[in-house]
Every structure is written in C-alpha cells, then in structure tokens.
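What follows is a short report on a single structure.
Number of protein chains: 2
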Amino acid sequence: MEVQLQIKMNEKLFLRNPEHSELGKKIILHSINLIYKTGFESFTFKKLAEEIGTTEAGIYRYFENKHKLLVYLTAWYWGWVEYQINYHNNNIKDPTVKLKRVIKILATTVQDDKQTSYINESLLHQIIITEGSKAYLTKQVGEDNKQHFFKPYKDLCAVIGNIISECNPKYKYPKSLASTIIEIAHIQNFFMQHLPSLTDFGKTKEESDIIDFLNDLVFTSLKKG
Amino acid sequence: MEVQLQIKMNEKLFLRNPEHSELGKKIILHSINLIYKTGFESFTFKKLAEEIGTTEAGIYRYFENKHKLLVYLTAWYWGWVEYQINYHNNNIKDPTVKLKRVIKILATTVQDDKQTSYINESLLHQIIITEGSKAYLTKQVGEDNKQHFFKPYKDLCAVIGNIISECNPKYKYPKSLASTIIEIAHIQNFFMQHLPSLTDFGKTKEESDIIDFLNDLVFTSLKKG
DNA sequence: ATCCAATAATAGTATTACTATCTTATAAAA
DNA sequence: TTTTATAAGATAGTAATACTATTATTGGAT
C-alpha cells in the first residue's frame, strides 16, 4: 500500500496551491534544491524558473515573492516534524521517553521520506537549519503572525511544551524550554558544521553529541526538586 | 575625566576605517538607526546615503556591501559585550556570581553608553537580536570565518565557556552551553516581543523573566552530581 | 466543438547593487 | 608658497533583481 502524506497548508501563503499541479510541485522541488545550493540570499525566481524550464512569471503565479515561499517551506517542515513526533510517540505513555524521542527527531538529519514525492526532507532539513529563522526574523513578523503563517511552529512548540509539563508539572518554563530545544537543535548543528569552536562537538561532528547535550540540558532542568 | 572606549576591529571588514572620519562615524550611526527602523532586508546604501546627506558611492568607499557592514556591527557589538563582561566581573572570584552577571548582561537591554559617541548601544542591541544571526547564516560563512570576522563572537563564547568550566570542571559541554546562553538570550527576547506564545513571558514581557529562565536552565545543569 | 484553466512567451518598469570618472575642498609635505 | 595627496561630492552608467501586464497556446472536462 502506498500512502501519500499531505500537510495542510495555510492558503494565504500562496496564490495558487503548488500541490495541485505539476508546475507547482516542480517549484517546491527545485526551490529546495536551489536554496540548498545557493543560499536564500542569492536565490531568485528567475534562476528557479531557468532550473525548472519555465518563466519567472510562471513562478509568480504561485508565490507572491521569495519570502512567502520560504515561509511556505518552513511551515511545511514544522508541520511534517509535528507529524513525525506524533507518529513516533503514538502509544507511548512515559513522557520522559516521549521527550527523548522529540529531541532525537529534532536533532537528527532525516532520510528522504518516500511518502512525500516532491519534497526531499533531507535537503529541506538542511535549509531550515540555515534559512529557517529568516522566515520570522523580519520587520513583517507581526503581520505574518496575524495571518497565522507560524502556526505550525507554534503548534509544534505547544506539543513539546505539553510533554515537558507532563515530565514535570511544576516546571515553570515549558514553552520557553520547548522553543529553546527546537532552536538549539538547529543552531548547534549549524555551529558544529561551520563554526565548530562554538561547540564541544568540533572533533566528532556527530549529531548524537548534540542529542546528548540536549538530553543533559533538558532532563537536569526537569528533575523534580 | 572623559574616556573613549575603542573596540579594535578586523581591518578586512571595511575598505576605509569608519572610525577615522566624520563621514565614517555618520555611516555607523545612521546605519544603526536605519536598520533598526526598516530591517536589514530593505536597508540599502542608497537610503543610508540619503539619510546622511552623502552619495551612495560615498558609502561604498567605506564598506564593500551591506553584508560586510552588518558583520562589522555585530563584531563591534560582541566585542563591546565582552568588554562589559570583563568590566563587571573584574575582581569577582566566585564563578557562579560571574556567570549570573554574564547572563544578566546578555539578556538586558543596555543603556546608550556615553563612552562610545557615535554608537547607540540600545538600538544596536535590538538590531543584533533581530539581524545578528544573519551575519553568519549565509553561504559565505566559511570564507568569512577564515578571515576571522567572527572572532569577537568566538572570544566571547570562550570567555563564557571558561566561567562555566570554573563553575563545574566536570561539565561536558561548556562551549555549547556558552553559545546556547548567548543565542537563547536573544531568541527568547525576540519571541517574547513578537511571537509570545513561544515563551512563558507573554504576559509580563519582562527581561527579568528571561534571566530567571536562563539562570534556572544553566545552574541546574551545572549542579555537581 | 467549446470552454476553461494552466501555462508559455514576451515585454516592460522601478529598484538594487554595484563601478567608474571627474571635480572640488582641505590639509599636510616640500 | 606651491605642490600634492586624500577625502568627499557630483554625476553617470550597467547588470541584475523584483516585480507587473498582456497576449497566445495547449490540453482536458462538459
């Protein structure tokens, strides 16, 4: 049986739903490849159009601008991560086990998921590490937030915050700790790759070290006392 | 007695030293104002030139492009923060007290420092919260790093890492914890201001809450056990 | 056969991110 | 005092970016 996984996307992120056409899917597929290759700053719709073999105007029929496309990709990614977490924590009762799995999922470079044909999760994960925060570190963050562009991120954060509260109902900062885990999983990964002296993982460059660090950080904080 | 504080800057960050001329100082002063007002994405040298009352070409004689200018501002900022930390921790012996002060300095919006006439530290602090990570979240991070553009950030991280190791010599992740404190102090501040549901400080919006959170996170992790 | 939506083809504009050149003001060196 | 170097101002120009608009073509549903 082949199952296709669909993440429900905010309609305001696009002008035309890229999931509903071949060109749309190509835009998603190739934008991930191209942003991965060139970085978000030098990524343009013109280059993307050339890569796909369509025209600039063709892309603009789907996305207003490259910022919206980045927000779309990050929203999709966080929705997908939340799905992964719910899937892997299904039927697990012990909140500590759940939180450990969350940390592992957040800090691990994923395999390409065959359930989503036109999205390479492995590349997308790398993009989110480097470019993800640029989706909200803008002057428009307030307006974008009003349009619920960051809902998937917030939902994920709420899910993790709830698991934290299950681990220790008296812990005072479940939401801040949740967003801290998410951000630090990515930042430490970026530092490990590019500025290793900012981490303790410069020699090994192993994701498992980041997981160990986060587990230590989180579970000593949550020890009831 | 009036003392002027000078942060020694990497010469490769500029074409002409902005500290050595009136126009140069104006470029720094007004770039902070303008980036604060419009955000880094819509900040251009043309707008900056208009604000100052000079020409675009005039700015280009000092900085190759706006990325270098941003790296310059962040490098200056981290150098200044390290100076603040050394100044406030002078003669303190207890590493726990030192680390508490570090956290406070990192998480507190500073007053404009009169020792630096043409830099508004308060605005600069806000800029670094929103734009600071864009200095290294680029494709060129490797080359920029080779030219030592991030040395002030790394030095600061090393200083904090050493204090952490003084607090608990057996703690396994002093550098990662140091970079985590630095990043989270800013990220939680940004979230508190713009995406409060990602934090536990949405109601109060007090920096002191971020300090409490960081103290809790750091000192439970460093408890010897 | 016709209608409609998606796409392709083409053109055009304002702004951005520069580079180049020439002139003027000024201040130190000869 | 004259020369000369340096910073800054004035002006122009270019390639790329970030769009918008219009018209034509195609392929599938009714």
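For the protein sequence lines, the chains are A and Z, in the order given. When the letters of the first sequence are read in order and numbered with this note's numbering, they come out as residues 1 to 225. When the letters of the second sequence are read in order and numbered with this note's numbering, they come out as residues 1 to 225. C-beta: ideal position from N, C-alpha, C; glycine also. From a predicted model like this one, the values you see are computed outputs, not experimental measurements.
Of the residues the options, the one placed nearest residue i, counting alpha carbons only
| i | options | result |
| --- | --- | --- |
| E183 of chain Z | Z:K68, Z:L156, Z:K114, Z:P18 | Z:L156 |
| T130 of chain A | A:L69, A:E206, A:I187 | A:I187 |
| T55 of chain Z | Z:G79, Z:S42, Z:Y136, Z:G24 | Z:G24 |
| A75 of chain A | A:K170, A:Q193, A:N145, A:M192 | A:N145 |
| Q193 of chain Z | A:L222, A:E121, A:Y136 | A:Y136 |
| E50 of chain A | A:Y36, A:E41, A:K66, A:S31 | A:S31 |
| E82 of chain A | A:L123, A:I160, A:Y72 | A:I160 |
| I28 of chain Z | Z:Y118, Z:Y173, Z:N89 | Z:Y118 |
| S197 of chain A | Z:K205, Z:K175, Z:I181 | Z:K175 |
| K66 of chain Z | Z:W78, Z:R101, Z:K47 | Z:K47 |
| E22 of chain Z | Z:S42, Z:L13, Z:G53, Z:E11 | Z:G53 |
| Q147 of chain Z | Z:Y72, Z:A57, Z:Q4 | Z:Y72 |
| V3 of chain Z | Z:Y153, Z:F201, Z:L195, Z:K114 | Z:K114 |
| L195 of chain Z | A:K139, A:K203, A:Y171 | A:K139 |
| E41 of chain Z | Z:L222, Z:L69, Z:Y171 | Z:L69 |
| K172 of chain A | Z:K26, Z:F201, Z:K172, Z:V141 | Z:F201 |
| G39 of chain A | Z:V141, Z:K205, Z:K203 | Z:V141 |
| F219 of chain A | A:A158, A:L177, A:Q111 | A:L177 |
| Y77 of chain Z | Z:E206, Z:E64, Z:F149 | Z:F149 |
Under 8 Å from the C-beta of residue i: neighbouring residues of chain Z
| i | result |
| --- | --- |
| H194 of chain A | Y136, V141, G142, N145 |
| D216 of chain A | K172, Y173, S221 |
| E131 of chain A | L137 |
| S179 of chain A | I187, Q188, F191, L198, T199 |
| K203 of chain A | Near K203 of chain A there are no residues of chain Z at all, since even the closest Cβ is about 12 Å away, more than 8 Å. |
Within 8 Å, strictly: CB atoms of residue i and residue j
| i | j | result |
| --- | --- | --- |
| L217 of chain Z | A185 of chain Z | no |
| T199 of chain Z | S179 of chain A | yes |
| Y62 of chain Z | R16 of chain Z | yes |
| E19 of chain Z | W80 of chain Z | no |
| K224 of chain Z | N162 of chain Z | no |
| N189 of chain Z | L123 of chain Z | no |
| Y36 of chain A | I127 of chain A | yes |
| K154 of chain A | N10 of chain A | no |
| S221 of chain A | S221 of chain Z | yes |
| L5 of chain A | T108 of chain A | no |
| N86 of chain A | K98 of chain A | no |
| I181 of chain Z | L106 of chain Z | yes |
Interface residues of chain A facing residue i [CB-CB closer than 7 Å]
| i | result |
| --- | --- |
| G39 of chain Z | T138, K139 |
| C157 of chain Z | L198 |
| S21 of chain Z | Correct list: empty, because the minimum Cβ distance to chain A is about 30 Å. |
| F63 of chain Z | Residues of chain A passing the Cβ test: none, with the nearest at roughly 17 Å. |
| F150 of chain Z | L195 |
Contact set between residue i and chain A, taken where Cβ atoms lie within less than 8 Å
| i | result |
| --- | --- |
| E183 of chain Z | E183, I184, I187 |
| K98 of chain Z | Ordered by position in chain A, no residue passes the 8 Å Cβ test against K98 of chain Z, which lies about 20 Å from the chain. |
Interface partners of residue i on chain Z, CB under 9 Å
| i | result |
| --- | --- |
| S122 of chain A | Here the premise fails: no neighbours, minimum Cβ distance about 18 Å. |
Where residue i meets chain A, residues with beta-carbon distance less than 9 Å
| i | result |
| --- | --- |
| F213 of chain Z | K172, Y173, S176, L177, T180 |
| K154 of chain Z | L195, S197, L198 |
Using 8 Å as the cut-off, can you tell me whether the stretch 199-214 of chain A makes contact with the stretch 80-94 of chain Z, which would need three or more C-beta pairs spanning the two stretches below that distance?
no
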